[in-house]
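Enquirer: Pasting a structure here, questions to come.
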Amino acid sequence: MKPYRQALSRLTLAAIISFLSLQAGPLARAAEPLEIFFIDVMGGAATLICTPEGETILLDSGWPGLDDRDPKRIVYVLKEVLKKNKLDHILSTHWHTDHYGGVEGLAKRIDIGRFWDRGLPEDPGADPANFPDGPKMDDKLGIAYRAASKGRRTVLKAGDSIPLKGIMKATVLAASGKVIAAGASARPNPLCETAPADKNKDDSDNALSIVTKFQLGKFDFFDAGDLTWNIERQLVCPTNLVGEVDLYQVTHHGMDISNHPTLMKSLNPSVAIMNNGPRKGGSAATVKWLRELPNLKAAYALHKNAGTAEADNLPADMTANHDAQGGQFIRVTVAPDGATYKVRIGAYGKDAEYLSK
Ligand SMILES: [Zn+2]
């Protein structure tokens, strides 16, 4: 290229860059991470997600009462940490108090956009037998839930998706005791050959929990509420309907009537986070099964479990709360493209970084 043409093309390039940056100036927004907060609700569940598009989704809302301790802890993270004043979605995995009991206290404090649940007994076409634990029409929490969610509820079934902005996906893998159908290309899961036997049928609402997989690029997060053993096995046997995941919310607060070892091995998570309480969940067997996972890089707990031996607890530096008051959350920050993620205990803890699979 002749010198004057080179100069000209440099000039043209500079002009293009400056034009583009001017154009991008007021509109450009740095890509935001995906944030997932495991809020300490003392052996209940409250997992708050904020997507790269700034959309907020709360998976379960903790316990009721106690001067609205749990709604206050959730609203603190939403407003003070995430700087949001609205909850776009709330998903209640099942009808147990430690999962939907916080809705009343939340609805008093913030706007809630949409409610997602596994149905109410009075819904058209619902079978009342599928609601072993309510909520009944005269149940105080049931009344509060119905009032808060009126006209804004959607019932989720296996195979449904929750519509989210951007590239974030949320797929329902099981709900009300039914798992999604296997795809045409599904192959037998070899881990099923050594799967432990089923337990007696669980007739509680736990077995009916909504199971959701959230995906951002390569990053996958699995939350099964309080799903129990037999349905957990159905998610991975005879074929693995979930695939592998990066982050596993240890199911049912770490109880050992959940966390079927074949499910955990099939999901093959890199990081597990357990929402146990000071004396709830965190069973010795679950901790053992977690330790046996071949590719697990780290397991975190919201609480030290005072009810099990020191050796059956997760390490102290992987545990967010060591006293009975609690309140410290675990925060997962996923890169906007989903390629990597960091886990940190509390607002000021040290980050540990992991690669998505
Ligand atoms: Zn629970």
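Under the numbering used here, think of the first position of the sequence shown as 1, with each following residue one higher.
We treat Cβ as the ideally placed atom computed from N, Cα and C, and that holds for glycine.
#1: Under a three-way DSSP split, which group does V41 fall into?
#2: Per DSSP, what are the beta-bridge partners of V236 in this structure?
#3: Using the rule of at least 16 other Cβ atoms within 10 Å of the residue's Cβ for burial, across every protein chain shown, is A309 buried or exposed?
#4: For D88 versus G113, is the C-beta spacing smaller than 8 Å?
#5: With respect to 7 Å, is the separation between the Cβ of D202 and the closest non-hydrogen atom of ligand 1 below this value?
#6: With H, G and I counted as helix, E and B as strand and the rest as coil, what does DSSP make of Y100?
#7: Could you name the residues whose beta carbon sits closer than 5 Å to any heavy atom belonging to ligand 1, keeping them in chain order?
#8: DSSP state of K2, grouped into three classes?
#9: Please give me, in chain order, every unbroken run of the alpha helix (DSSP H) with length at least 4 that falls completely inside the region 105–163.
#10: Does T93 come out as helix, strand or coil in the three-state DSSP assignment?
#11: According to the Cβ coordinates, are I74 and L58 closer than 8 Å?
#12: Between the alpha carbons of A186 and L48, how many angstroms are there, rounded?
#13: What's the gap between the Cα of S371 and the Cα of V77?
#14: Would you check if there are 3 or more beta carbon pairs closer than 8 Å linking the region 148–158 to the region 100–115?
#15: Spatial neighbours of L191 within its chain, please: CB distance less than 6 Å, with the 5 preceding and 5 following residues excluded, ordered by chain position.
#16: In the DSSP assignment, find the beta strand (DSSP E) that holds L59 and state where it starts and stops.
#17: Which residues does DSSP pair with N321 in a beta bridge?
#18: Sorted by chain position, which residues of the same chain lie with C-beta nearer than 6 Å to T93's C-beta, five sequence neighbours on each side aside?
#19: For the region 227–242 against the region 319–327, are there 3 or more C-beta pairs whose distance is under 8 Å?
#20: Assuming K357 contacts S270 (C-beta within less than 8 Å), just tell me the rounded distance between them.
#21: Compare the Cα-Cα distances from Y248 to each of A126, P71, G105 and V343 and report the closest residue.
#22: Look at the alpha carbon of A316 and the alpha carbon of K304, and state the distance between them as a whole number of angstroms.
#23: Going straight from the alpha carbon of F222 to that of V245, what length do you get?
#24: Report the rounded CA-to-CA distance for Q328 versus I39, giving the unit in angstroms.
#25: According to the neighbour-count rule (16 or more other Cβ atoms, all chains shown, within 10 Å of its Cβ), is E53 buried or exposed?
#26: Cα separation between A148 and M137?
#27: Would you mind sorting V332 into buried or exposed? The rule is 16 or more other CB atoms within 10 Å of its CB.
#28: Along the alpha helix (DSSP H) that carries A285, what are the first and last residues, could you check?
#29: Could you check the C-alpha separation between A182 and E232 for me, to the nearest Å?
#30: In this structure, does DSSP put E353 in helix, strand or coil?
#31: Are the beta-carbon atoms belonging to A272 and L290 less than 8 Å from one another?
Expert: Let me lay it out:
#1: The three-state secondary structure of V41, taken from DSSP, is coil.
#2: In the DSSP output, where bridge partners are listed per residue, V236 has none listed.
#3: Burial state of A309 is exposed, judged by a 10 Å Cβ sphere holding fewer than 16 other Cβ atoms.
#4: Yes; because the gap between Cβ atoms is below 8 Å, this pair is in contact.
#5: False, no ligand heavy atom lies under 7 Å from that Cβ.
#6: Note: Y100 maps to helix in three-state DSSP.
#7: Those residues, listed in chain order, are D98 and D226.
#8: For K2, the pLDDT reaches just 49, beneath the cut-off of 50, and the residue's location in the model is therefore unreliable, although a value from the coordinates is still provided. Note: K2 maps to coil in three-state DSSP.
#9: Whole alpha helix (DSSP H) segments, 4+ residues: 140–149.
#10: Coil at T93, not helix or strand.
#11: In this structure, L58 lies closer than 8 Å to I74 by Cβ.
#12: C-alpha separation (whole angstroms): 32 Å.
#13: Within the shown structure, residues of the chain are numbered from 1 to 357, placing residue 371 beyond reach of any answer.
#14: In this structure the region 148–158 lies against the region 100–115, because at least three pairs of beta carbons, one per stretch, are closer than 8 Å.
#15: Once the five neighbours on either side are set aside, the close Cβ partners of L191 are T262, K265 and S266.
#16: Start and end: T56 to L59.
#17: Paired residues: H303.
#18: Shown here for T93: same chain residues with a beta carbon closer than 6 Å to its own, the five before and five after excluded, namely D60, H99, S209, I210 and G225 in chain order.
#19: The region 227–242 is not in contact with the region 319–327.
#20: For a cut-off of 8 Å, the C-beta gap from K357 to S270 is around 7 Å, short enough to register as a contact.
#21: The shortest Cα separation from Y248 among A126, P71, G105 and V343 belongs to V343.
#22: One alpha carbon belongs to A316, the other to K304, and they sit about 8 Å apart.
#23: If you draw a straight line from the Cα of F222 to the Cα of V245, it comes to about 7 Å.
#24: Roughly 7 Å between the two C-alpha positions.
#25: By the neighbour-count rule (16 or more Cβ atoms within 10 Å), E53 is not buried but exposed.
#26: If I take the Cα positions, the gap works out to 14 Å.
#27: Flag for V332 reads buried.
#28: A284 to R291 is the span of the alpha helix (DSSP H), which, as asked, contains A285.
#29: CA-to-CA, the gap between A182 and E232 works out to about 15 Å.
#30: Looking at E353 - three-state DSSP - the assignment turns out to be strand.
#31: A contact, by the Cβ cut-off of 8 Å.
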